[in-house]
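Working notes for the structure below.
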Amino acid sequence: MSITDKELYDEMCRVVGKVVLEMRDLGQEPKHVVIAGVVRTMSANSKIQRSELTSAAMQEVIRALGFEAK
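If you count the sequence shown from 1, you need to add 738 to reach my numbering.
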């Protein structure tokens, strides 16, 4: 199945939203560098199975925030 741009964008928004809300709950300010680091760490955790869409969205979030994705 091919991932559409809209599906990818929606999943990117979901991933970033989840990170920002969790950071807020921990009392941290959601800066783009920190968000990219959290998403990169989440992405590197191979113990968690993710859909192709979520994995692609995580990589795009990292790139969109100005960092190199794996």
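Where is the CB? At the ideal position from N, CA and C, for every residue including glycine.
- Remark: C-beta atoms of ARG778 and ALA802 do not approach each other more closely than 9 Å.
- Apart from the 5 residues on each side of it in sequence, GLY804 sits with its Cβ closer than 8 Å to the Cβ of HIS770, ALA774 in its chain, given in chain order.
- Around the Cβ of SER789, a 10 Å sphere holds fewer than 16 other Cβ atoms; the residue is exposed.
- With respect to MET761, VAL772 sits close: the two C-beta atoms are nearer than 9 Å.
- Here the alpha carbons of VAL799 and SER793 stand approximately 10 Å from one another.
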